[in-house]
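Here the structure comes first, spelled out in structure tokens, and everything after it is commentary.
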Amino acid sequence: MLIDYHRRLAADSVRTEAFRRAIERVVVPGVSRVGDLGSGTGWIGFMAHGCGARSVSLYERVPSLAKVSQAIARRNRLADIQVYPEDSRAILDPGPHDIVVSETLGNLALEEGIGEILWDARRFLAPGGIRIPSALTLYARPVSSSRYWAELDPWGQGGLGLDFSPLAVLSRQNLYVRTFSEADFARTPEALPWDRVDFRLRFRARREGTLEWTVREGFTLHGFAIWWEAELVPGIRLSTAPDQPPTHWEQIYAPIRTPVALDAGDGIHLVIRSRFQDSQGVDFRWQVTTPGGREQLSIRAGDLEKDPVED
Ligand SMILES: C[S@@+](CC[C@H](N)C(=O)[O-])C[C@H]1O[C@@H](n2cnc3c(N)ncnc32)[C@H](O)[C@@H]1O
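Just so you know, the numbering used here puts 227 at position 244 of the sequence shown, and the rest follows in order with no gaps.
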């Protein structure tokens, strides 16, 4: 168990307040039966208990975390909290819940399995039951600043006089967790949504989004920043956008392999293909087409076993 990770989650007041408001909005005191799928320390489930939920079931697959939440429930004499030290998807015949909450969101949103978990939540929910979050939107925005791109090739700096370009190619094809500010973007183009997940619907592990921007003022394209916005319940949102209050999550940087100077009127065409499957990890590819520039396909380095390294 990484206690510091869970401490950071609890200390992220933007996250905690958004979940608290969502739970307060939907929990009916003395009536609602709440399930927390991926409960960690139990923090969100305990919040639901504090809002008057009739019962709270915590499902956590890391045994040491489940044990800690059990100890907290015992210490506070919370008889109406049940802890299941199991993967939620392995639970047979889960009791009916009126509300299922899952905070299994990563920096890239779907990589911790929230899509599969909340689709499986249909087995947990009574008719008309509520999922928190209810939906998710992913955004991308072209990056103009060179600061993160410039960090990607330290290989030549060791003074060995060798050509390390195969390593540089790999590091330009990876995804990076980074924090962006307005200074990293040209005034235009703006962020656009490229994927949306409605958690009530069957989750598709393979996903694809296509974006088109038209450049209004010239800049050099150094890749894309990616972030998400979750709708917890209608009207209550949690966002990792660079212009929103900071959370423990950051944005994702998807570099371009070779920066491209763009002029006003040029178009940027971006196709993102991803696959999020618990058993197979994350597959992420992004293909950029710009006028005059050749098409640049990047395959996240983690997946390069399947693809030859370029000479
Ligand atoms: C991001 S942490 C959040 C913990 C907690 N929900 C909170 O908000 O503090 C996600 C937790 O979900 C657990 N987890 C992920 N998938 C799970 C699953 N299918 N069943 C049970 N636990 C799961 C992980 O072990 C981890 O402890």
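We put the beta carbon where it would ideally sit given N, CA and C, even for glycine.
These numbers come from a predicted model, not from an experiment.
- Under the three-state reduction of DSSP, Gly201 is assigned to coil, being neither helix nor strand.
- The residues Pro225 and Asp226, in chain order, have a CB closer than 8 angstroms to that of Glu165 in the same chain once the five nearest residues on each side in sequence are set aside.
- Separation of Val39 and Asp146 (C-alpha to C-alpha, rounded to the nearest whole angstrom) is 58 angstroms.
- For Ile82, the distance from the CB to the nearest heavy atom of ligand 1 is not below 7 angstroms.
- At a Cβ-Cβ threshold of 8 angstroms, Leu204 and Ile235 do not count as neighbours.
- Checking the 7 angstroms criterion, the Cβ of Ser164 is out of range of every heavy atom belonging to ligand 1.
- Around the C-beta of Thr87, 16 or more other C-beta atoms lie within 10 Å, and the residue is accordingly described as buried.
- At a threshold of 7 angstroms, Glu94 does not count as near ligand 1, since its beta carbon sits no closer than that to any of the ligand's heavy atoms.
- Within a 10 Å sphere around the beta-carbon of Asp(-13) sit fewer than 16 other beta-carbons, which makes this residue exposed.
- Proximity to Thr223 across Arg179, Gly35, Arg170 and Phe163 peaks at Phe163, based on C-alpha coordinates.
- Distance check between Val84 and each of Val198, Gly139 and Gly28 places Gly28 closest, using alpha-carbon atoms only.
- Look at the beta carbons and you see the stretch 85 to 104 not touching the stretch 135 to 143: under three pairs across the two are nearer than 8 angstroms.
- In the assembly as shown, Leu253 is a buried residue. Its beta-carbon has 16 or more other beta-carbons within 10 Å.
- Along the stretch -11 to 77, the alpha helix (DSSP H) occurs as fully enclosed runs of 4 or more residues at -4 to 9, 26 to 33 and 46 to 58, listed in sequence order.
- Cβ atoms of Ile82 and Ile113 come within 8 angstroms of each other, at about 5 angstroms.
- Shortest gap from the CB of Leu(-15) to any heavy atom of ligand 1: 7 angstroms or more.
- Not one heavy atom of ligand 1 lies closer than 7 angstroms to the C-beta of Arg161.
- For Val51 against Thr24, the beta-carbon gap comes to about 6 angstroms, under 8 angstroms, which counts as contact.
- With distances taken between CA atoms, Arg(-9) lies nearest to His231 out of Arg240, His231, Glu278 and Arg170.
- With a cutoff of 8 angstroms on beta-carbon distance, Gly275 and Thr197 are scored as not near each other.
- If you draw a straight line from the Cα of Arg170 to the Cα of Tyr131, it is about 18 angstroms long.
- For Trp102, the enclosing alpha helix (DSSP H) covers residues Ile97 to Asp103.
- A residue is called buried once 16 or more other Cβ atoms fall within 10 Å of its Cβ, and Asp167 is buried on that count.
- At a cut-off of 7 angstroms, the beta-carbon of Leu20 counts as near ligand 1: some heavy atom of the ligand is closer than that.
- A direct Cα-Cα distance of roughly 7 angstroms separates Gln279 from Ile239.
- Shown here for Ala5: same chain residues with a beta carbon closer than 6 angstroms to its own, the five before and five after excluded, namely Ile115, Leu215, Val216 and Ile219 in chain order.
- Placement of the Cβ of Trp26 at a distance of less than 7 angstroms from at least one heavy atom of ligand 1 is found.
- Around the C-beta of Asn90, 16 or more other C-beta atoms lie within 10 Å, and the residue is accordingly described as buried.
- The alpha-carbon separation between Met30 and Val17 amounts to approximately 11 angstroms.
- Going by beta carbons, Arg277 and Asp266 fall outside the 8 angstroms limit.
- Measuring C-alpha to C-alpha distances from Glu134 to each of Asn157, Leu20, Ala(-6) and Asp178 identifies Asn157 as the nearest.
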